Every structure is written in C-alpha cells, then in structure tokens.
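Participant:
Chains as they are written, first to last, in the numbering used here: chain R, 11 to 120; chain V, 54 to 168.
(1) Any beta carbon of chain V sitting closer than 9 Å to that of residue 64 of chain R?
(2) Using 8 Å for Cβ pairs, my map puts residue 130 of chain V next to residue 114 of chain V. What's the rounded Cβ distance?
(3) Output the residue ranges of the beta strand (DSSP E) runs that lie fully inside the segment 41 to 119 of chain R and measure 3 residues or longer, sorted by chain position.
(4) Beta-carbon within less than 7 Å of residue 125 of chain V's beta-carbon, same chain only, minus the 5 sequence neighbours each way: which residues are those?
(5) Going straight from the alpha carbon of residue 15 of chain R to that of residue 55 of chain R, what length do you get?
(6) Which residues bound the beta strand (DSSP E) around residue 26 of chain R?
(7) Provide the residue(s) that pair with residue 134 of chain V in DSSP beta bridges, ordered along the chain.
(8) Chain R partners of residue 94 of chain V, CB-CB under 8 Å?
(9) Alpha carbon to alpha carbon, how far is residue 99 of chain R from residue 109 of chain R? Give it in angstroms, no decimals.
(10) Whole angstroms are fine: how far does the CA of residue 158 of chain V sit from the CA of residue 83 of chain R?
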C-alpha cells in the first residue's frame with residue numbers, strides 16, 4: 011500500500027459543479043497536511059493547509075479525518091481555471107517524511 | 054520579490070556524463086529540497102538540507118549528490134547520468150526548522166533527458 015494514495019482521475023465535470031477528492035494516508039503519526047495545485051508542466055503551488063478543525067478558503071474546503079486517515083478537498087461552483095492536478099501532501103514531522111500523493115487530475119468543461 | 058530559480062530549464066545529456074542542476078532561492082529559507090517527478094509516482098524526495106553544510110538523503114538518492122555551501126544554493130549533481138534519471142526535477146525551499154509542516158515554495162523545474 012502506498013503511504014499516500016489519491017484517485018488519479020481524471021475527474022471531468024461541468025463548470026459550476028461541486029467536486030470532491032479524497033486522499034488516504036497510512037502513517038497515523040502524520041502531523042501536517044496540505045493540498046497543492048499543479049498546472050500542466052508547471053511547479054506545484056500551495057492551495058491550502060488542512061487543519062484538524064477543517065478550513066475554508068472561498069470555494070475551497072479542506073477537511074481532515076484522523077480516525078479514518080484521510081483528507082478531503084471540496085471545490086464548489088467550479089471554474090474553468092480550476093482545471094489542474096491536485097496533490098495531497100502529508101508530513102510525518104520531518105523533511106524525510108514529507109510524502110506527496112501522485113495527484114488527482116481535474117478537468118472542468120464549459 | 055523573493056523567488057526560487059532553477060537552471061537549466063531543459064537539458065539533454067548522454068549516459069555516463071556528469072550533470073549538475075542549479076537551484077537558487079532568495080527567500081533566505083533554511084530548508085531546501087530536491088524532488089523528481091515521474092508519471093505515476095508523484096514527487097519523490099532525492100536530497101534535502103536543513104542549513105549550510107547540512108545534507109541528507111531522501112527516498113531516491115542513489116546516483117545523486119548535493120552540497121550546501123551557502124543559504125541560497127543547493128546544486129544537484131548526477132554523478133554518471135543514466136536513462137532512468139530522465140525526469141522532471143523540482144527544487145523547493147521552506148522556512149522553519151527541520152522541515153516541519155511549513156509551505157514549500159517550488160522552482161519552475163528542470164526537464165532532464167538522458168539518452
């Protein structure tokens with residue numbers, strides 16, 4: 011089993027739809043969690059950190075479920091510009107324990 | 054504005070040659086990282102550094118080396134390039150100590166092809 015697993019997609023949804031991704035992790039001692047966005051042939055950029063209490067940034071909501079060891083990302087009212095690959099990142103507490111998921115590809119159609 | 058740059062952006066080399074990829078950051082971050090990204094694997098950690106004169110091996114360090122002589126630079130050297138090292142290489146940096154859960158800022162990447 012991979013340490014961090016994501017559904018690779020692609021998710022192909024119409025503009026305005028709500029879409030959600032999950033990411034599961036195997037290390038129960040993981041301490042911090044992030045979602046990064048990566049556009050085609052570009053570098054990853056931080057989308058949002060994921061806090062235990064959950065957090066929201068505009069149309070984006072991230073949640074953490076420690077008991078079931080997964081994090082989620084919800085995108086509401088999706089825009090064409092949301093088309094990208096979304097990377098889940100789990101940090102076990104040191105640089106050597108930062109694990110990136112393989113990414114979930116999202117495509118928003120008009 | 055602070056930034057992190059990589060050079061070259063594209064490189065084609067031959068099997069057996071030594072190759073060095075440059076990474077330079079002006080964030081004044083303690084932590085610097087090198088990753089490779091391949092289809093189906095996501096980003097995998099090659100080497101990382103918590104500060105000047107500190108270097109550590111990551112998950113896929115075989116065939117690679119780094120040195121940290123100053124805060125700004127962490128060059129990655131492929132001792133003897135192999136076709137399996139064809140990949141996209143990303144450098145990243147972050148603030149804080151020991152690479153704990155802080156945002157990583159990535160460079161634009163270097164596409165390396167080994168023929």
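For glycine and all other residues, C-beta sits at the position ideal for the given N, C-alpha and C.
All figures in this text were calculated on a predicted structure; none of them were measured in a lab.
Facilitator: Short version:
(1) With 9 Å as the cut-off, residue 64 of chain R does not count as an interface residue toward chain V.
(2) Between residue 114 of chain V and residue 130 of chain V the Cβ distance is about 12 Å, and since that is not below 8 Å, they are no contact.
(3) For the beta strand (DSSP E) assignment, the uninterrupted runs of no fewer than 3 residues enclosed by the segment 41 to 119 of chain R are, from N- to C-terminal side, 42 to 48, 54 to 60, 65 to 67, 70 to 75, 80 to 85, 94 to 101, 108 to 110 and 114 to 119.
(4) For residue 125 of chain V, the CB contacts under 7 Å within the same chain, skipping 5 residues up- and downstream, are 77, 78 and 79 in chain order.
(5) Answer to the nearest angstrom: the Cα atoms are 19 Å apart.
(6) Per DSSP, residue 26 of chain R lies in no beta strand (DSSP E) segment and is marked neither H nor E.
(7) Bridge pairing for residue 134 of chain V: absent [DSSP].
(8) Going along chain R in sequence order, the residues near residue 94 of chain V (Cβ under 8 Å) are 112.
(9) Rounded to the nearest angstrom, the two C-alpha atoms are 6 Å apart.
(10) Rounded to whole angstroms, the separation of the alpha carbons of residue 158 of chain V and residue 83 of chain R is 21 Å.
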